[in-house]
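Before any comments, here is the structure.
Numbering (full-length UniProt numbering), first residue to last: 1 to 165.
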């Protein structure tokens with residue numbers, strides 16, 4: 001992947017340390033002022049990522065090892081479960097369409113597959129979020145660390161000392 005986009009598109013703001021385990025070092029996490037050149041950069045990045053994805057899909061071989069299939073399935077379910085519970089867009093959706101519709105859009109559209117891929121719940125995967133009354137702590141981060149800037153260097157190595165409270 002072309003790392004030029006990482007320099008052209010500004011980092012999108014705070015990303016919790018818990019969320020990082022679900023992101024690739026080549027993720028585009030950006031926010032920018034509305035200017036044509038930024039839209040062009042974003043579109044160019046999108047088309048390059050899309051072409052890379054198509055190539056990966058074309059070259060991929062079907063996995064036949066049942067243990068790996070189950071492991072991948074559980075990893076995807078864990079990701080979907082995390083995102084359905086902690087998605088930062090939930091508040092915006094809730095204000096636009098109400099709480100019930102927001103939850104429905106998140107679970108059945110944005111992160112479709114939660115019901116089909118597994119039966120574990122959020123607290124099964126992330127017990128550190130359990131409150132004393134058994135509910136899920138609504139804080140976005142339990143660790144309290146976030147990344148204001150890209151937490152990986154240009155070669156994809158994690159930069160651990162880049163955390164901020």
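Ideal Cβ placement from N, Cα and C applies to all residues, glycine included.
- Between residue 117 and residue 73, the gap from beta carbon to beta carbon is short of 8 Å.
- The C-beta of residue 114 has 16 or more other C-beta atoms within 10 Å across all chains shown, which makes the residue buried.
- Taking the Cα positions, residue 103 is about 21 Å away from residue 22.
- Taking all protein chains shown into account, residue 154 has fewer than 16 neighbouring C-beta atoms within 10 Å of its C-beta and is therefore exposed.
- The stretch 29-36 makes contact with the stretch 5-21; the number of CB pairs closer than 8 Å reaches 3 or more.
- Look at residue 53 here: in three-state DSSP terms it is helix.
- The DSSP assignment places 36-59, 66-86, 90-97, 99-105 as complete runs of the alpha helix (DSSP H) inside the stretch 22-105, in order along the chain (cut-off: 4 residues).
- Taking C-alpha positions only, residue 56 is separated from residue 126 by approximately 31 Å.
- Beta-bridge partners of residue 130 (DSSP): 136.
- Taking C-beta separations shorter than 8 Å and ignoring five residues to either side along the sequence, the partners of residue 152 in its chain run 25, 158, 159, following chain order.
- In terms of Cβ geometry, residue 77 and residue 14 do not form a close pair [threshold 8 Å].
- When C-beta atoms of the stretch 104-111 are compared with those of the stretch 79-88, three or more pairs fall below 8 Å, so the two segments count as touching.
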